[in-house]
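Novice: I have a structure I would like to understand better, so I am pasting it below and will then ask my questions one at a time.
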Amino acid sequence: MEVVRWLAVVLAAGSASASACGRWGFTEPVDAPAGTSDTPASLDGTAKAADALSAIDAAPSIDSPPGLGDYQVAQGTASYAALAGQPVPGFAAGADDENYTLPLPFTFTYYGVAYTSVTVSVNGYLTFGPPATGADTYSNDCPLDATAPDAVIAVFWDDLVATTNAPTGAMTYATSGTSPDRQLAVEWQDMDAYAAAGRGGNAFTQGIRVTQQVVLHETGVIEMRYGPRTPPTMTNKDCGADRHRGCSATVGLEAPASTAFKNVQCGTAAGPGPGYVPIDEGRAITFTPI
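See below:
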């Protein structure tokens, strides 16, 4: 079942060139005591216009050829090295639910299906299927299921935003290696996250900062690496003080056509879900095709 936060309606996403959180957005809020009613406000006084209202699409989405095979999961720790990459084409600070398509420097086989491009979501995942829209892009499935998006690599899937408040959010990529093991790495750096802000369907940025990478190997191996993490300034919102550690994020793989899943862990605004282990800097997860 698709996880849906407790808002009654969601806002549909726009194109990759427009901000599209799908909720009223406010940056860097003044914290309010737990249990009080929130009045939308922000430190810089800015607010983001709402997108058009739409119902959440709860129907299964079969967007890609059926995937085959499985992955072995290995977890451990490794020193985090920031990616010395270049900006993801089209990315700009303030990006919210945007998706960006990257050509792959090699053919990458994912669950037995060969791909030559991948779409990067601001919300902390890659997809080889059509980009998700509306709530499907920011409401992470917990656990991964047959609803959109399809053919997903969820690194830290949550309602993220590339905040314009220092340290500003960034999305970069880099290629390295030589055949037969060339690599494409994508990094989400210093990303903040939205949290519901009381009645009215509004949302504030919660004040976290999270950095993580995914590395696609030409061999089919997938690496997830987790970097520096800063706790929220609003600890009484979303899943609370561990938001930066993934208490409302999803990590794992979803096959093309949603025929198989490799759920590592997940959480929602209500708190940690199946398999939850706090994500700290230095955590590393490797998926090896078998």
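First residue of the sequence shown: -1, per the numbering used here; consecutive thereafter.
Even for Gly, the Cβ is constructed at its ideal location relative to N, Cα and C.
Quick caveat, the model's predicted, so the values are computed rather than measured.
Would you say the region 205 to 217 touches the region 227 to 243, given that touching needs at least three Cβ pairs under 8 angstroms?
Specialist: With a cut-off of 8 angstroms, the region 227 to 243 and the region 205 to 217 count as touching, because enough Cβ pairs lie within range.
Novice: Pull up the DSSP beta-bridge partners for A112, would you.
Specialist: Position 114 of the sequence shown holds residue 112. Beta-bridge pairing links A112 to T107.
Novice: Just curious, the beta strand (DSSP E) that T286 is in, first and last residue?
Specialist: Start at 1 with the first residue of the sequence shown, and residue 286 comes out as number 288. Segment R281 to P287, the beta strand (DSSP E) holding T286.
Novice: Between which two residues does the alpha helix (DSSP H) holding A133 run?
Specialist: The residue you call residue 133 lines up with position 135 of the sequence shown. Residues A133 to Y136.
Novice: So what's S77 in DSSP terms, helix, strand or just coil?
Specialist: Position 79 of the sequence shown, counting from 1, holds the residue named residue 77. Residue state, collapsed to three classes: coil.
Novice: Check whether the Cβ atoms of T246 and E216 sit closer than 9 angstroms, and answer yes or no.
Specialist: For the purposes of this step, residue 246 is taken as the residue at position 248 of the sequence shown. For the purposes of this step, residue 216 is taken as the residue at position 218 of the sequence shown. The residue asked about is misnamed: residue 246 is Ser in this sequence, not Thr. No, they are not a contact pair.
Novice: Around the Cβ of T266, are there at least 16 other Cβ atoms within 10 angstroms (buried) or fewer (exposed)?
Specialist: Here residue 266 refers to the residue found at position 268 of the sequence shown. Answer is buried; the Cβ neighbour count reaches 16.
Novice: For D236, count the other beta carbons within 10 Å of its own beta carbon; 16 or more makes it buried, fewer makes it exposed. Which is it?
Specialist: Translated into the one-based positions of the sequence shown, residue 236 becomes position 238. Counting Cβ neighbours within 10 Å, D236 comes out buried, since at least 16 surround it.
Novice: Among residues of its own chain, excluding the 5 on either side of P103, which ones have a beta-carbon nearer than 7 angstroms to its beta-carbon?
Specialist: Indexing the sequence shown from 1 puts residue 103 at position 105. For P103, where only same-chain residues beyond five positions count, the Cβ hits under 7 angstroms are T173, R180 and L182.
Novice: Buried or exposed, going by whether 16 or more other CB atoms sit within 10 Å of the CB of T117?
Specialist: Position 119 of the sequence shown, counted from the first residue, corresponds to residue 117. So T117 ends up on the buried side.
Novice: Which partner residues does R207 have in the DSSP bridge list?
Specialist: Translated into the one-based positions of the sequence shown, residue 207 becomes position 209. For R207, which the question treats as bridged, DSSP gives the partners T228.
Novice: Under a three-way DSSP split, which group does P101 fall into?
Specialist: Here residue 101 refers to the residue found at position 103 of the sequence shown. Note: P101 maps to strand in three-state DSSP.
Novice: Pick helix, strand or coil for S246, following the three-state DSSP scheme.
Specialist: Along the sequence shown, read from residue 1 onward, the residue named residue 246 stands at position 248. It is coil, neither helix nor strand.
Novice: If you compare alpha carbons, which of A93, A130, I277 and T99 is closest to Y171?
Specialist: Position 173 of the sequence shown holds residue 171. The residue with the shortest Cα to Cα distance from Y171 is T99.
Novice: For V111, which residues in the same chain have their Cβ closer than 6 angstroms to its Cβ, ignoring the five residues on either side in sequence?
Specialist: What you label residue 111 is simply residue 113 of the sequence shown in a count that begins at 1. So the qualifying residues of the chain are P63, G65 and P254.
Novice: Cutting at 6 angstroms between CB atoms, please list the residues of its own chain near G175, excluding the five before and the five after it.
Specialist: Counting from 1 along the sequence shown, the entry for residue 175 is found at position 177. For G175, where only same-chain residues beyond five positions count, the Cβ hits under 6 angstroms are Q181.
Novice: Would you mind working out which of V249, I283, A79 and V275 sits nearest P141, comparing C-alpha positions?
Specialist: Taking the first residue of the sequence shown as 1, we reach residue 141 at position 143. Ranking the options by Cα distance to P141, first place goes to V249.
Novice: With a cut-off of 8 angstroms on the beta carbons, I'd call L158 and A191 a contact; round off their distance for me.
Specialist: Taking the sequence shown and counting its residues from 1, the one referred to as residue 158 is at position 160. Taking the sequence shown and counting its residues from 1, the one referred to as residue 191 is at position 193. 5 angstroms between Cβ atoms; contact.
Novice: Only counting runs of 3 or more residues, tell me where the beta strand (DSSP E) segments fall wholly within the region 154 to 215, in order along the chain.
Specialist: The region 154 to 215 contains these whole beta strand (DSSP E) runs: 168 to 174, 181 to 194, 200 to 203 and 207 to 215.
Novice: Measuring straight from C-alpha to C-alpha, what distance separates V219 and Y109?
Specialist: If you number the sequence shown from 1, residue 219 lands on position 221. If you number the sequence shown from 1, residue 109 lands on position 111. In a straight line, the C-alpha of V219 is about 11 angstroms away from that of Y109.
Novice: Excluding the 5 residues preceding and the 5 following V184 in the sequence, name in chain order all residues of the same chain whose CB lies nearer than 6 angstroms to its CB.
Specialist: If you number the sequence shown from 1, residue 184 lands on position 186. Contacts found: V118, Y171 and V212.
Novice: Tell me the rounded alpha-carbon separation between Y69 and A282.
Specialist: On the sequence shown, position 71 is the one that residue 69 refers to. On the sequence shown, position 284 is the one that residue 282 refers to. Near 15 angstroms, if we compare the C-alpha coordinates of A282 and Y69.
Novice: Which residues in the same chain as V150 place their Cβ atom closer than 6 angstroms to its Cβ, once the five residues preceding and following it in sequence are excluded?
Specialist: Within the sequence shown, the letter at position 152 stands for residue 150. Y123, T125 and E252.
Novice: Can you tell me which of the three DSSP states P87 falls into?
Specialist: Residue 87 sits at position 89 when you count from the first residue of the sequence shown. Coil.
Novice: Have a look at the DSSP bridge pairing and note the partners of P270.
Specialist: Locating residue 270 in the sequence shown gives position 272, counting from the first residue. Note: P270 sits in a beta bridge opposite G265.
Novice: Could you work out which residue in D95, M222 and M189 is closest to Q73 when comparing CA atoms only?
Specialist: For the purposes of this step, residue 73 is taken as the residue at position 75 of the sequence shown. That would be M222, whose Cα lies nearest to the Cα of Q73.
Novice: Mind checking who V118 pairs with in its DSSP beta bridge?
Specialist: As a position in the sequence shown, residue 118 is number 120, starting the count at 1. According to DSSP, V118 bridges with Y98 and L124.
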